[in-house]
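Asks:
This is the structure in structure tokens:
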């Protein structure tokens, strides 16, 4: 029986992981199977022990694999064997309790408020279809903190323009409702009018290309990168940077951490707490400037 294939199907259809996540698990697992085959001649889940997994970790580090990637790859193998234990194929998980390389905590990149105000308010976007669409892309990513995959699947009907709310289908098909800035309404109506008049209404997708096809990941990355380059020297300029910026600005303005967790669609608070480091740094700067003994 091909246990790798049944595991991937389990992730797809039972856990309902995103295609991107499933592909990452598959690639990690394929890499591990290839390593084991080279070491012992044939991959057999019942012959894998902690010594073999440890050898793989050493091999990855000797090939200069980043510590974060090593940790993720080992986690993939760990979850694979956890699945096999659940299916009663193996009796132990060889990937547990193994020493992993230390990961330096990276603070999320984010833009200053003044940079985004400058980009959105000072005439950088044209009034034609592409200009209005691209401005809507930037505004939605920053104004709601949604993920790239969530943006791609938005429909016109997901907007409650009276309540200033947007419905989003997140990870594992979990739906959440997010409030958005009132200023988005005018841009949403402007975009919809130009799109319907020049290209045609699409009930399945809000955002389309000039040929009426749904927008795609590379297009969104290109739109975000080319526009952020106009106002920031940040090395990384991606849709996720705008999500980081959304969360950081909310916390800097005093938003409750649990509320930000729900807005971002995080499964646990630990994923949201990474943004508090940036906020604490800002508070520390304020303290130093304001306190007589700062």
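In the UniProt record's numbering, the protein residues as written are 1 to 294. No residue lacks a Cβ here, since even glycine has one placed at the ideal position from N, Cα and C.
#1: Does the distance from the CB of residue 83 to the CB of residue 7 come in under 8 Å?
#2: Keeping to the same chain, check which residues put their C-beta closer than 6 Å to that of residue 4; ignore five residues upstream and five downstream.
#3: In chain order, which alpha helix (DSSP H) runs of at least 4 residues are fully inside the stretch 104 to 166?
#4: For the stretch 116 to 130 and the stretch 251 to 271, state whether three or more C-beta atom pairs, one from each stretch, are separated by less than 8 Å.
#5: Check whether the stretch 144 to 157 and the stretch 236 to 253 touch, using three or more Cβ-Cβ pairs below 8 Å as the test.
#6: Residue 203: buried (16+ other C-beta within 10 angstroms of its C-beta) or exposed?
#7: Considering only residues of the same chain and omitting the five flanking positions on each side of residue 180, which have a CB-CB separation below 6 Å?
#8: In whole angstroms, what separates the C-alpha of residue 291 from that of residue 276?
#9: Pair every Cβ in the stretch 212 to 230 with every Cβ in the stretch 89 to 105, then say whether three or more of these pairs are closer than 8 Å.
#10: Could you tell me if the beta carbon of residue 128 falls within a distance shorter than 7 Å of some heavy atom in the ligand FMN?
#11: From the DSSP output, read off the bridge partner residues of residue 179.
#12: Buried or exposed for residue 237, please, with buried defined as at least 16 other CB atoms from any protein chain shown within 10 angstroms of its CB.
#13: Candidates 73, 46, 54, 58: which alpha carbon is nearest residue 23's?
#14: Is there contact here, the stretch 179 to 194 with the stretch 121 to 139, by at least three beta-carbon pairs under 8 Å?
#15: Given that a residue counts as buried once 16 or more other Cβ atoms are within 10 Å of its Cβ, and exposed if not, what is residue 178?
#16: Sort out for me which residues DSSP pairs residue 22 with in a bridge.
#17: For residue 228, which residues in the same chain have their Cβ closer than 6 Å to its Cβ, ignoring the five residues on either side in sequence?
#18: Would you say residue 67 and residue 108 are within 8 Å of each other, going by their C-beta atoms?
#19: Output needed for residue 85: all residues of its chain with C-beta closer than 8 Å, excluding positions within five of it in sequence on either side, in chain order.
#20: Can you give me the C-alpha to C-alpha distance between residue 176 and residue 151, rounded to a whole angstrom?
#21: So, helix, strand or coil for residue 214, using DSSP?
#22: For residue 10 and residue 19, what's the separation of their Cα atoms in angstroms?
#23: Since residue 58 is in the alpha helix (DSSP H), which residue starts that stretch and which ends it?
#24: CA-CA distance, residue 58 and residue 52?
#25: Between which two residues does the alpha helix (DSSP H) harbouring residue 244 extend?
#26: Which residues in the same chain as residue 200 place their Cβ atom closer than 8 Å to its Cβ, once the five residues preceding and following it in sequence are excluded?
#27: Across which residues does DSSP place residue 208 in a beta bridge pair?
#28: Going by DSSP, what residue range makes up the alpha helix (DSSP H) through residue 261?
#29: Could you pull out every residue in the same chain whose Cβ sits closer than 7 Å to the Cβ of residue 12, ignoring the five residues on either side in sequence?
#30: In terms of residue numbering, what span does the alpha helix (DSSP H) encompassing residue 4 cover?
#31: What distance in whole Å lies between the Cβ atoms of residue 247 and residue 264, which are believed to be in contact at a cut-off of 8 Å?
#32: Pull up the distance between the alpha-carbon of residue 267 and that of residue 162, whole angstroms please.
Replies: The answer reads as follows:
#1: What you label residue 83 is simply residue 83 of the chain shown in a count that begins at 1. What you label residue 7 is simply residue 7 of the chain shown in a count that begins at 1. Contact: yes.
#2: Residue mapping note: residue 4 aligns to position 4 of the chain shown, counting from 1. Cβ neighbours of residue 4 beyond the five flanking positions: 29.
#3: You should have 113 to 121, 129 to 144, 148 to 152.
#4: no
#5: yes
#6: The count along the chain shown starts at 1 and reaches residue 203 at position 203. With fewer than 16 other Cβ atoms within 10 Å, it is exposed.
#7: Residue 180 sits at position 180 when you count from the first residue of the chain shown. Only 143, 144, 164, 166 meet the Cβ criterion.
#8: For the purposes of this step, residue 291 is taken as the residue at position 291 of the chain shown. For the purposes of this step, residue 276 is taken as the residue at position 276 of the chain shown. With a pLDDT of 48 at residue 291, under the threshold of 50, the modelled position of that residue is not reliable, and no figure is offered here.
#9: no
#10: You won't find the ligand FMN in this model; it holds no ligand whatsoever.
#11: Within the chain shown, numbered from 1, the residue matching residue 179 stands at position 179. Paired residues: 165.
#12: Working through the chain shown from its first residue, we reach residue 237 at position 237. Result: buried.
#13: As a first step, residue 23 is located in the chain shown; it is residue number 23 there, counting from the start. Comparing Cα-Cα distances from residue 23 to each of 73, 46, 54, 58, the minimum goes to 73.
#14: Touching, yes.
#15: To locate residue 178, count along the chain shown from 1; it is residue 178. With 16 or more Cβ atoms within 10 Å of its Cβ, residue 178 is classed as buried.
#16: Residue numbering aside, residue 22 sits at position 22 when the chain shown is read from its first letter. Per DSSP, residue 22 has no beta-bridge partner at all.
#17: In the chain shown, the residue the question calls residue 228 occupies position 228. 237, listed in sequence order.
#18: Taking the chain shown and counting its residues from 1, one reaches residue 67 at position 67. Taking the chain shown and counting its residues from 1, one reaches residue 108 at position 108. Between residue 67 and residue 108, the C-beta spacing is not below 8 Å.
#19: By 1-based counting over the chain shown, the position of residue 85 is 85. Only 91, 92, 93 meet the Cβ criterion.
#20: Translated into the one-based positions of the chain shown, residue 176 becomes position 176. Translated into the one-based positions of the chain shown, residue 151 becomes position 151. Residue 176 and residue 151 have their alpha carbons spaced roughly 13 Å apart.
#21: Counted from its first residue, the chain shown places residue 214 at position 214. Residue 214: strand per DSSP, three-state reduction.
#22: Within the chain shown, numbered from 1, the residue matching residue 10 stands at position 10. Within the chain shown, numbered from 1, the residue matching residue 19 stands at position 19. If you take the alpha carbons of residue 10 and residue 19, they lie about 13 Å apart.
#23: On the chain shown, position 58 is the one that residue 58 refers to. Per DSSP, residue 58 belongs to the alpha helix (DSSP H) from 50 to 62.
#24: Taking the first residue of the chain shown as position 1, residue 58 is located at position 58. Taking the first residue of the chain shown as position 1, residue 52 is located at position 52. Their backbone Cα atoms lie some 10 Å apart in a straight line.
#25: Here residue 244 refers to the residue found at position 244 of the chain shown. 239 to 252 is the extent of the alpha helix (DSSP H) around residue 244.
#26: Taking the chain shown and counting its residues from 1, one reaches residue 200 at position 200. Contacts found: 212.
#27: What you label residue 208 is simply residue 208 of the chain shown in a count that begins at 1. According to DSSP, which records beta bridges pairwise, residue 208 is partnered with 214.
#28: Within the chain shown, residue 261 is the residue found at index 261, counting from 1. Counting along the chain, the alpha helix (DSSP H) containing residue 261 begins and ends at 257 to 264.
#29: Start at 1 with the first residue of the chain shown, and residue 12 comes out as number 12. Same-chain partners within the cutoff: 22.
#30: Here residue 4 is taken as the residue at index 4 of the chain shown, counted from 1. Secondary structure note for residue 4: its alpha helix (DSSP H) is the uninterrupted segment 3 to 9.
#31: Working through the chain shown from its first residue, we reach residue 264 at position 264. Working through the chain shown from its first residue, we reach residue 247 at position 247. Confirmed, Cβ separation roughly 6 Å.
#32: Mapped onto the chain shown, residue 267 falls at position 267. Mapped onto the chain shown, residue 162 falls at position 162. Their Cα atoms are separated by approximately 29 Å.
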